[in-house]
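Chains Y and X supply the protein sequences, listed in that same order.
Take the first sequence: its position 63, counted from the start at 1, is 63 in the numbering used here, and no numbers get skipped.
Take the second sequence: its position 145, counted from the start at 1, is 339 in the numbering used here, and no numbers get skipped.
Ideal placement from N, C-alpha and C gives every residue a C-beta, glycine not left out.
Worksheet: the structure to be examined is printed underneath.
There are 2 protein chains.
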Amino acid sequence: MSAASPIAPAKVSARDRLLAAADELFYAEGVHTVGIDRIIERAGVAKASLYSTFGSKDELVRAYLEARHERRRSRMLAGLAQFDSPRERLLGVFDVLSSQTVKPQYRGCAFYNATAESPPGSVSEDVAKKSRAWTRGLFTELAADAGAHDPAALAGQLLLLYDGAMVGGRMEPELDPAVAARAIAATLLDAATD
Amino acid sequence: MSAASPIAPAKVSARDRLLAAADELFYAEGVHTVGIDRIIERAGVAKASLYSTFGSKDELVRAYLEARHERRRSRMLAGLAQFDSPRERLLGVFDVLSSQTVKPQYRGCAFYNATAESPPGSVSEDVAKKSRAWTRGLFTELAADAGAHDPAALAGQLLLLYDGAMVGGRMEPELDPAVAARAIAATLLDAATD
DNA sequence: ACAACACTAGACAGGTCTGTCTGCTATCGT
DNA sequence: ACGATAGCAGACAGACCTGTCTAGTGTTGT
């Protein structure tokens, strides 16, 4: 329709197809378990393209995790924007999480999972720490906006609940632990604001 | 000193050395990352002994995880036995956990970690479910003893905190999330007993 | 003394994994 | 028209991994 952009990407680039395939397979079965061959087969891409684009499997893993982080981040921010009060926005974190954990493909935190199968000092650990720091920062802001006396302390409690809900969401998704976490968070928020 | 048992195990058996090596290496670096060769080298054992004892790497992984479960279980029960009141015993779960997470080698839940790097339907998943069921059962008993109106519901909350503390203990052990979890648990226990 | 047993050392087969390289094709900007 | 860019297909090298097999050693119960 629109002649908008002169750069019209008729097809999806090899890079994006690789990232999509990596996202599915790495998340579902683990970065170590899934080999390069399965990725390129699923992506419909030549092996040479993978290595000219990413250089190594390690860098593909990094790109996969960073894309995940960006996705989680924008999904969370978009979800929270729908709430009006600071209180609802803080608790909304668990609504957004719940919408993820109820999906049948949910397999827990991609960053934690990736570090669990990599030796210490790997790229996974790197991205996991960055993602975790961002989450903690978000929680601290939300806690401050909601009027917590000690925003950092409340953020720590929220992160604990968040972690627990992700683990529970993987092991027993039918119990919807994210909504259970939300209820506990509400109690803690009340206590943290007098 | 004592001439007690006629069966005097002068040396540690190959089986036990293998389990000890597997425990260290699998837990520290992941069951998939660590190969058979490193295990037998650390254990000082011949490869044939491994295969005549366990049959396959998969079965060694199962034995490793089951030994972990047994260890966690007895440590937890021994730790809880030191508390007098049902309330202290319930909260003591987090004291026992804290004594683990502060160790420098702590790397999170061995069962969760193992399942994170195995495809669905693996032996790891099997043992992880068994271990989780036992933990939930313990928490339910403790909640009932402590006078919770809905022991199963409180147990679910405790498990959420327990999971969160294990994740946090791996990512930021210096924050000692197990004691933070203990404090939250105390609040929930108060609310659950009126 | 001797058979049974538990174990060691290491070669080997067969598979899989990452990463490289060659050769070919299609598209696009100039 | 043409060179640059991006991509495809697949062979190949080299490492590593699980699992098997042979052959030898030391200990123990009878």
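- The alpha-carbon of Y/M166 is positioned some 36 Å away from that of X/R209.
- Cβ-Cβ distances below 6 Å link Y/G79 to V96 in the same chain, with the five nearest sequence neighbours on each side left out; the list follows chain order.
- Of all alpha-carbon atoms in X/A386, X/R267, X/L254, the one lying nearest the alpha-carbon of X/A338 is that of X/A386.
- Closer than 9 Å at the C-beta level to chain Y, one finds these residues of the region 306 to 318 of chain X: Y306, N307, A308, T309, A310, E311, S312, P313, P314.
- Taking all protein chains shown into account, Y/D163 has 16 or more neighbouring C-beta atoms within 10 Å of its C-beta and is therefore buried.
- If you keep only unbroken alpha helix (DSSP H) runs of at least 4 residues inside the region 314 to 372 of chain X, you get 317 to 339, 345 to 365.
- With a cutoff of 8 Å on beta-carbon distance, Y/A146 and Y/P86 are scored as near each other.
- Looking at X/L254, X/H263, X/A240, X/S207, the one whose alpha-carbon comes closest to that of X/A322 is X/H263.
- The shortest C-alpha to C-alpha distance from Y/P173 to any of X/G362, X/S312, X/L354 is the one to X/L354.
- Using a Cβ distance threshold of 8 Å, Y/R182 and Y/L77 do not count as a contacting pair.
- Counting of Cβ neighbours within 10 angstroms places X/A346 among the exposed residues, the total staying below 16.
- If you draw a straight line from the Cα of Y/V61 to the Cα of Y/P119, it is about 14 Å long.
- Rounded to the nearest angstrom, the gap between the Cα atoms of Y/G137 and X/R211 is 45 Å.
- Annotation for Y/D16: the continuous alpha helix (DSSP H) segment containing it runs 14 to 29.
- Following the DSSP letters along the chain, one finds Y/H32 in no alpha helix (DSSP H), marked with neither H nor E.
- By the rule that beta-carbons nearer than 8 Å mark a contact, X/V361 touches chain Y.
- Listed along chain X, the residues sitting closer than 9 Å to Y/I184 by beta-carbon distance are Q351, L354, L355, I378, T381, L382.
- For X/Q294, the uninterrupted alpha helix (DSSP H) run begins and ends at 280 to 295, by DSSP.
- Taking 8 Å as the cut-off, the beta carbon of Y/R132 is found no closer than this to the beta carbon of Y/Y27.
- Straight-line spacing of the CA atoms in Y/R75 and Y/Y112 works out to 19 Å.
- The DSSP-derived three-state label of X/E253 is helix.
- Residue range 47 to 54 is occupied by the alpha helix (DSSP H) that includes Y/T53.
- Taking 8 Å as the threshold, the shortest C-beta distance from Y/E29 to chain X falls below it.
- Residue contact check for Y/L175 against chain X: a CB pair falls below 8 Å.
- Neighbours of Y/A22 in chain X, taken as residues whose beta carbon is under 8 Å from its own, are absent, since the nearest beta carbon is some 16 Å off.
- Ranked by Cα distance from Y/F54, the first of Y/S122, Y/A22, Y/D150 is Y/A22.
- X/T387 carries a coil assignment under DSSP once its states are collapsed to helix, strand and coil.
- Contact note: Y/A180 reaches chain X through G350, Q351, L354, using a C-beta cutoff of 7 Å and chain order.
- Judged by DSSP secondary structure, Y/F111 falls within the alpha helix (DSSP H) whose first and last residues are 110 to 116.
- Any Cβ of chain X closer than 8 Å to the Cβ of Y/G164 would place that residue at the interface, and such an atom is present.
- For the C-beta of X/H226, the chain Y residues within less than 7 Å are, from N- to C-terminus, H32, T33, E117.
- Taking 8 Å as the threshold, the shortest C-beta distance from Y/R132 to chain X falls below it.
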